[in-house]
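I have placed the structure first, in the form of structure tokens, so that the comments after it can refer back to it.
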């Protein structure tokens, strides 16, 4: 495929071994990712899982600010696959973004695909993951983007950097879990364990001997490069008797924020400093889920890892757990998020104040009637779905970017509403059942290149209210505001932080509330926007003249 789209464009720890990364004869940095199954044992039983290069979590990608690298992907697995570089802006290069049937068709078993990663404004920690069905449960890894060569961090250089990848583990085959809830239309079975760097930790059976351990020296500082790779869980994270200092989110630096816990939604990343300044001993780091939805099952276990001081020669066999907020503590979640402030001097451009494109999108859990002669596990025998402005996304048969480029008609349609087509009290306790059934379609929203965009995500109480992690491809955005209830443009805009909002690529929209973002539409291409769990997307289509 060609790499450039033309004038009218759809906007939609040191490396492990030379077999993973190398430099070719032209001086380009290349990684080699082989998708293949490998057997892993967790929770007293083993099973084959899909991995990259046999590793779980997968290999770390490293680059410098503004660098371009290549990843050669070879699919030796049994299923179609794509890989997405979550948070990499890919300026004018959507062909390598990775979402299945959006910017490319999947890589078939035995197939190969070479992806070009163009780093531009990113600096800090982001991640990569599979973008096909639920393969990302085991196919994921961190991306470290360092300052330009010769430049330094906007904080004292840490002594060491450590990946902390939070995830989930199912005893069953993940593809079976996915196929079952697609077949019956209900909620997916909750995971059997939450993990830190692929390990459930001391509190789970058959796990203690393999618990991840971070060995530290008293007085040193450790850069925790954190990723929430869980499928659906917003997570609290803390370290016993230690404070955590957040210095970046989603590969953008922030003003230092010191807390006794952090919150991290699926898809989000954070750069966190841990100062080893406590009495030498063993301490737990731990994570547990936040869930505010009524009647929705979730994994309420606690995953642990150990911090071991080298100076301690008699480790504590039973360290105490750190303070973690209660699973339904919404105030703790959003007190944390609104406390994150951007580091203005590090931002690529100022917060847009002259907005040319306004959008408000409702995010809803929906239902469809159960087809004849089937039994469905959704509410009252229905099938669960989700929607954006009452449109539930339908996958096309070929990727939308290719359809645009080659003028193939009928694959997608313009006209995704920029405002809710149905107006009602979005967060009323009781809503008419007919509102629960959305329309189906493959719709895109048209945005002119160079526009300054305000996009408000509005949660609804249809079926049940839940928190929604929302991720934009192809751009970062300023998270300017959060609130509860229905968004009021006259009242709520007065609460915006337009001075130092954080620059992010994934935002958590509160249950029965709203979140507002602003950004400049400066990256032509077909770019994907994803809502959680029930596979509802919408796309941005932008053109330049």
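In mature numbering (1 follows the signal peptide of the UniProt record, and there is no 0), the protein residues as written are -25 to -1, 1 to 520.
The beta carbon of each residue, even a glycine, is placed where N, CA and C say it ideally should be.
**Message:** Helix, strand or coil, according to DSSP, for residue 411 in the structure here?
**Reply:** helix
**Message:** Let's test the definition: count the other Cβ atoms within 10 Å of the Cβ of residue 407 and tell me whether it reaches 16, buried, or not, exposed.
**Reply:** exposed
**Request:** Find the nearest neighbour of residue 470 within the set 458, 480 and 477, judged by alpha-carbon distance.
**Result:** 458
**Item:** Sequence-distant residues of the same chain with beta carbon closer than 7 angstroms to residue 253, five excluded per side
**Value:** 216 and 217
**Request:** Assign residue 203 to one of three DSSP states: helix, strand, or coil.
**Result:** Looking at residue 203 - three-state DSSP - the assignment turns out to be strand.
**Request:** Using the Cα positions of residue 69 and residue 294, report the straight-line distance between them to the nearest angstrom.
**Result:** 47 angstroms
**Item:** For residue 113 and residue 170, believed in contact at Cβ under 8 angstroms, the rounded distance
**Value:** In fact, because the Cβ distance is near 10 angstroms, the residues do not count as touching under 8 angstroms.
**Prompt:** By how many angstroms is the C-alpha of residue 436 removed from the C-alpha of residue 306?
**Reply:** Their Cα atoms are separated by approximately 19 angstroms.
**One or two residues paired with residue 111 in a DSSP bridge** = Answer is none; residue 111 lacks a bridge partner.
**Asked** Nearest to residue 300 by CA position, among 213, 118, 125 and 100, is which residue?
**Response** 213
**Message:** What does the alpha-carbon distance come out to for the pair residue 455 and residue 410?
**Reply:** When rounded, the separation of the alpha-carbon atoms in residue 455 and residue 410 is 30 angstroms.
**Request:** Taking only the alpha-carbon atoms, compute the straight-line gap between residue 175 and residue 21 and give it to the nearest angstrom.
**Result:** 14 angstroms
**Message:** So, with DSSP's three-state summary, where would you put residue -1?
**Reply:** Unreliable positioning characterises residue -1 in this predicted model, as indicated by a pLDDT of 45, which lies under 50. The coordinate reading is nonetheless provided below. Note: residue -1 maps to coil in three-state DSSP.
**Request:** Check whether the Cβ atoms of residue 438 and residue 366 sit closer than 8 angstroms, and answer yes or no.
**Result:** no
**Message:** Tell me the rounded alpha-carbon separation between residue 497 and residue 211.
**Reply:** 34 angstroms
**Asked** Going by beta carbon distance, what residues of the same chain come within less than 7 angstroms of residue 364, once the five residues before and after it are set aside?
**Response** 336, 337, 391, 392, 395 and 396
**Item:** Nearest residue (CA-CA) to residue 229, options 478, 473 and 489
**Value:** Checked all of 478, 473 and 489; the closest Cα to residue 229 is 478.
**Request:** Would you tell me roughly how many angstroms separate the C-alpha atoms of residue 99 and residue 36, rounded to the nearest one?
**Result:** 12 angstroms
**Message:** Within a Cβ cutoff of 7 angstroms, which residues of the same chain sit near residue 522, ignoring the five residues on either side of it in sequence?
**Reply:** Beyond the ends of the chain as shown, which are -25 and 520, falls residue 522; an answer cannot be given.
**Asked** So, is residue 351 buried or exposed, given that buried needs 16 or more other C-beta atoms within 10 angstroms?
**Response** buried
**Item:** Distance between residue 227 and residue 94 (C-alpha atoms, nearest Å)
**Value:** 13 angstroms
**Request:** Take residue 86 and list the residues in its own chain whose beta-carbon comes closer than 7 angstroms to its own, dropping the five residues that flank it on each side.
**Result:** 50
**Asked** According to DSSP, is residue 141 helix, strand or coil?
**Response** Residue 141 carries a strand assignment under DSSP once its states are collapsed to helix, strand and coil.
**Item:** Cβ-based burial, residue 440 [other Cβ within 10 Å; buried from 16]
**Value:** With 16 or more Cβ atoms within 10 Å of its Cβ, residue 440 is classed as buried.
**Request:** From the DSSP output, in three-state form, read off residue 157 for me.
**Result:** helix
**Prompt:** What residue from 7, 362, 425 and 324 has the CA that sits closest to residue 474's CA?
**Reply:** 324
**Message:** Give the list of continuous beta strand (DSSP E) stretches no shorter than 3 residues that lie fully inside the region 354 to 387.
**Reply:** 358 to 363 and 366 to 368
**Prompt:** For residue 53, which residues of its own chain have a beta-carbon under 7 angstroms away from its beta-carbon, when the five flanking residues on both sides are left out?
**Reply:** Closer than 7 angstroms at the Cβ level, and outside the excluded window around residue 53, lie 84.
**Request:** Give me the Cβ distance between residue 40 and residue 111, rounded to the nearest whole Å; I'm assuming they're in contact under 8 angstroms.
**Result:** Not a contact, Cβ separation roughly 26 angstroms.
**Message:** Spatial neighbours of residue 465 within its chain, please: C-beta separation below 8 angstroms, excluding the five flanking residues on both sides.
**Reply:** Excluding sequence neighbours, residue 465 sits near nothing in its chain.
**Asked** What are the boundary residues of the alpha helix (DSSP H) that includes residue 313?
**Response** 305 to 314
**Message:** Would the region 441 to 450 count as touching the region 239 to 250 if we require 3 or more Cβ pairs under 8 angstroms?
**Reply:** yes
**Request:** Have a look at the DSSP bridge pairing and note the partners of residue 238.
**Result:** 211
**Item:** Helix, strand or coil at residue 150 according to DSSP, with G and I counted as helix
**Value:** helix
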